[in-house]
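Numbering (our numbering), first residue to last: 562 to 746. Idealized CB from N, CA, C, for every residue including glycine. Keep in mind it's a predicted model, so treat the numbers as computed, not measured. Below is one structure, written out as structure tokens; the observations come after it.
Set out below in structure tokens:
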């Protein structure tokens, strides 16, 4: 307890000695530590549920290595990668066998926090494509998960990069640069 009080007094002294910005940043990181760890833990998985004329069965270990496919259209509620929360429409088809893919998907009619996209590609998807941008892309290239749909559409995935971000966050390292700071409030 004495060490915690000593650290707090030192931080306050730095704040009065002309280091206001640095002290505010440090106090912000300490004050928002637990909310940021909770958000990082929630980022580890994504899930969506939808309805519509859709048939799909697919498993993937990254977007470049998948088996299955499907076609149709659905309206879905989504908790997606890069903190996408809301509703959207998704339509099109995809078929994948190992590293060979044919995908024609469109996501539109999105709510404010869901990123729309159009994918029309054949062959091996590359992780440097804009849709897979690690900080604000619509999809996570490195996700591991699957889809199962027959009228009722479901999708779940885990995100290895988010797991690393959560574990590094325990030590105040923000790999994804997505922690809330005092300026955001």
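DSSP three-state assignment for residue 694, whether helix, strand or coil: Annotated three-state conformation of residue 694 is coil, per DSSP.
The region 622-639 in contact with the region 592-606 per 3-pair CB rule at 8 Å: Touching, no, given that fewer than three Cβ pairs across the two stretches are closer than 8 Å.
Enclosing alpha helix (DSSP H) for residue 656 [first to last residue]: Premise fails: residue 656 lies in the beta strand (DSSP E), 645-659, not in any alpha helix (DSSP H).
C-alpha distance - residue 576 paired with residue 632, whole-angstrom precision: Interpretation of residue 576 is limited by its pLDDT of 49, a score under 50 that renders its predicted location unreliable; no figure is taken from the coordinates.
Residue 725 versus residue 635 - alpha carbon distance: Taking the Cα positions, residue 725 is about 32 Å away from residue 635.
Beta-carbon proximity list for residue 578, same chain, < 8 Å, skipping 5 on both sides: With a pLDDT of only 48 at residue 578, under 50, the local geometry of the prediction cannot be trusted, and no value is derived from it.
Buried or exposed (CB count within 10 angstroms, at least 16 for buried), residue 683: Of the other Cβ atoms in all chains shown, fewer than 16 fall within 10 Å of the Cβ of residue 683; this residue is therefore exposed.
Given residue 701 as reference, the closest of 722, 618, 637, 731 once Cα atoms are compared: Of the candidates 722, 618, 637, 731, 722 places its Cα closest to the Cα of residue 701.
For residue 608, the nearest candidate out of 719, 589, 727, 741 (CA to CA): That would be 719, whose Cα lies nearest to the Cα of residue 608.
Residue burial classification, residue 744 (beta-carbon count within 10 angstroms, cutoff 16): Result: exposed.
Span of the beta strand (DSSP E) around residue 595: First-last for residue 595: 594-604, but that is the alpha helix (DSSP H), not the beta strand (DSSP E).
Nonlocal neighbours in the same chain, by C-beta distance under 8 Å from residue 580, ignoring five residues either side: Here the model assigns residue 580 a pLDDT of 46, short of 50, so the residue's position is not dependable, and the following value carries that caveat. Excluding residues within five positions, none has a Cβ falling inside 8 Å.
Residue from 667, 715, 738 with nearest C-alpha to residue 655: Closest option to residue 655, Cα to Cα, is 667.
Distance CB(residue 605)-CB(residue 645) smaller than 7 Å: The Cβ atoms of residue 605 and residue 645 lie no closer than 7 Å to each other.
Straight-line gap, residue 650 to residue 639 (C-alpha atoms, nearest Å): Going by the C-alpha atoms only, they are around 10 Å apart.
Alpha carbon of residue 707 to alpha carbon of residue 715, nearest angstrom: Each residue's Cα considered, the two are about 8 Å apart.
Residue 713 vs residue 616 beta-carbon contact at 7 Å: Result no, Cβ atoms of residue 713 and residue 616 do not sit closer than 7 Å.
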